[in-house]
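Chemist:
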Amino acid sequence: MSGMKHRGIYSPLWGIVGTVALALSWAMSAQATTAFQSRDLAPNPEWQATQGALAVSGLGLTAGLANPAGARSERASASFSHLLWAGDLSREWAALSVPLGPRFGFVVDAALLHGPQLSGYDDDGAETGSFGVTEWNAGGSVAMEIGAGLGVGVGARVHRLEDLTEPLTGVGISAGARWQTGAQSFGASITDLGSVQSKAEGVPRYDLPTHWRIGAERTMPLYRVGASLRGDEGATVAGFGFSITPTPWVSFLGGLSSGDDSEDGGIAWSSGLQVVHQGIEVGYAVHPAGPLGTTHQFSVTVPLRGDRSPWIPERSSH
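Residue numbering for the sequence shown follows the working numbering, beginning at 110 and increasing consecutively.
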């Protein structure tokens, strides 16, 4: 019996780890040009404050973006975040997480990055009109736990750059695995496999850089701490993040990463706060080391089912 149990736990685990490792080695060797800059922006304050270190090994809304295998949660919830960047740039993000029983779940989300209208000029300096650049993306992930704490997931995402001179559309697919044993969890994923297409010519113009991530975390009643490696275009970034919860209604977040989007390639840091009241979570994060200045992000997450939900009551068992 013990031998059968050993094979049942570790055989599928090593098979998935081997497959993901081969995909990661291929992704690390790829060289490409980034077409969609908003892909590197954190979707919500928790991700931003912890430098994404808790995303690839976690579960829920943001975990499903970093690792499709994490697109599971205990209850349905919806989230909205607003990010303020330099130069009057802003980004809105909305997501929905829905559990499908104890072993399945999915996450869908959409984001919009936009800025102010800019004036265009011809070669003689005469103004030709105004224009604006807008980026948006939308996608989803489906996750399944296959047993012994091991989960897998797949996802897809569409990227769109609205530009008068060169509008671009990209489609990427994602895959990942997650393993949880006790208070520890481990994750690995590869996201945005695909290419960017030019609307005008209908042929590949840029490769869509593939993101790869691996990470591990430990979750306890009063804290959560994790570390991760992520990269694309041959660059690798190490991240560390934590969440301290001294009371059930407040959490303090922080994170460090080697380089991230800092101009000098040094250490980038960020911090944040989460407050929970009657199941509604409000979050804030600040990241001062970005190339375009300080980034602020705010979010609200509400439960859509359960005894604390203001909209969908728990179903009666009678």
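By construction, the Cβ of each residue, glycine as well, lies at the ideal position given by its N, Cα and C atoms.
Output the boundary residues of the beta strand (DSSP E) element that contains Gly264.
Modeler: Gly264 -> beta strand (DSSP E) spans 259-271.
Chemist: Quick one: residues in its chain with C-beta nearer than 6 Å to the C-beta of Leu163, no 5 flanking neighbours on either side, listed in chain order?
Modeler: Counting only Cβ-Cβ distances below 6 Å, and skipping sequence neighbours, we find Glu326, Gly335, Gly350.
Chemist: Counting only runs that start and end within the stretch 138-219, where is the alpha helix (DSSP H) found for 4 or more residues in a row?
Modeler: Those alpha helix (DSSP H) runs which fall completely within the stretch 138-219 and span 4+ residues are 154-158, 172-175.
Chemist: Below 7 Å between beta carbons: does that hold for Pro225 and Gly381?
Modeler: Contact flag unset, no.
Chemist: On the DSSP bridge list, what partners appear for Gly249?
Modeler: Gly249 pairs with Val217, Ala265.
Chemist: Given that a residue counts as buried once 16 or more other Cβ atoms are within 10 Å of its Cβ, and exposed if not, what is Glu372?
Modeler: With a pLDDT of only 47 at Glu372, under the threshold of 50, the placement of this residue in the model should not be trusted; the figure read from the coordinates follows. The residue in question, Glu372, is exposed, as its Cβ has fewer than 16 Cβ neighbours within 10 Å.
Chemist: Mind listing, in chain order, the continuous beta strand (DSSP E) runs of no fewer than 3 residues lying wholly within the stretch 311-369?
Modeler: Fully enclosed beta strand (DSSP E) runs of 3 or longer: 313-316, 320-328, 332-341, 344-356, 359-367.
Chemist: Using DSSP's beta-bridge definition, name the partner residues of Val385.
Modeler: Answer is Glu390.
Chemist: Would you identify the three-state DSSP class for Pro412, choosing helix, strand or coil?
Modeler: DSSP places Pro412 in strand when its eight states are reduced to three.
Chemist: Determine the direct distance from the alpha carbon of Pro357 to that of Leu133, and round the result to whole angstroms.
Modeler: Because Leu133 carries a pLDDT of 34, less than 50, the predicted location of this residue cannot be relied on, and no value is offered for it.
Chemist: Within its chain, find whatever has a CB closer than 8 Å to the CB of Glu183; leave out the 5 residues flanking it on each side and keep chain order.
Modeler: Taken in chain order, the residues that qualify are Pro208.
Chemist: Ordered along the chain, which non-local residues of its own chain (more than five positions away) have a Cβ less than 6 Å from that of Gly363?
Modeler: Contacts found: Phe351, Ser380.
Chemist: Just mark Gly291 as buried or exposed, buried being the case when its beta carbon has 16 or more other beta carbons within 10 Å.
Modeler: Under this definition Gly291 is an exposed residue.
Chemist: Using the Cα positions of Val217 and Leu365, report the straight-line distance between them to the nearest angstrom.
Modeler: Their Cα atoms are separated by approximately 28 Å.
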